[in-house]
C-alpha cells in the first residue's frame, strides 16, 4: 500500500538549530515528503538557522508568538494536507520514522501518534530522564493513558 507522503506535511519548529536543521530537512525529503510540504517555523534564530533551512527550498516562516505551541499554530496556517507531523529541528528524532507514523494514523484508528525517544546511558542526563519519567507517569495517571515520552518532540 502506498503511504501517500504527498498527503503529509511536516512542521519543524526551530530556534538556533543551524547545526542540525540541514540533516533534519535532508532526511525528511529523503523519505518522500515533498519539499513544498515542509514548513520550518523559526522562533527568532540568530545562528543562521533560517538561511540554512532556506537553502533546501522548503518554506521557512517567522513564528508568530512565543514558544513551541505558537510555532506549531503558525506552521498549521501553511498546511493544506490531511496529515501533519511535527518534529523538533535538533535531530533528536530521525525522520525515517515518518512513514511509520503515517501508517499508524491511517490504519490504527487513532487521531494522534506520538514518537518516543529511547533513554539509555548518555542519551540525556540522569535528572532529565528521571523528570521525564515522573512527568510521564503523572500524565498517565491523570489522563488514563499510556505514554512513553510525554515531552516528545515528534508526533503526527
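Numbering (our numbering), first residue to last: 21 to 176. Using N, Cα and C, we set each Cβ at its ideal position, and we do this for glycine too. Note that this is a predicted model, so its numbers are computed, not measured.
Return the residue from the list the options that minimises the CA-CA distance to residue i.
i: residue 62; options: 25, 27, 100, 38; result: 38
i: residue 78; options: 86, 42, 164; result: 42
i: residue 40; options: 95, 86, 110; result: 110
i: residue 82; options: 68, 76, 95; result: 95
i: residue 31; options: 129, 97, 85, 76; result: 97
i: residue 64; options: 44, 129, 86, 49; result: 86
Using the three-state DSSP reduction, which class does residue i fall into: helix, strand or coil?
i: residue 99; result: coil
i: residue 62; result: strand
i: residue 40; result: coil
i: residue 143; result: Only weak support exists for where residue 143 lies, its pLDDT of 48 falling under 50; the value from the coordinates is given anyway. It is coil, neither helix nor strand.
i: residue 34; result: strand
i: residue 78; result: coil
Please say whether residue j and residue i have beta carbons closer to each other than 9 angstroms?
i: residue 46; j: residue 103; result: no
i: residue 91; j: residue 54; result: no
Leaving out the 5 sequence neighbours to the left and right, which residues in its chain are closer than 7 angstroms to residue i when beta-carbon positions are compared?
i: residue 52; result: 25
i: residue 66; result: 36
i: residue 232; result: Outside the displayed span of the chain (21 to 176) sits residue 232, for which this structure offers no information.
i: residue 80; result: 60, 62, 70, 73, 74
Can you list, in chain order, the residues of its chain with a C-beta nearer than 6 angstroms to that of residue i? Leave out the 5 residues immediately preceding and following it.
i: residue 29; result: 57, 99, 101, 104
i: residue 118; result: 51, 105
i: residue 124; result: 133
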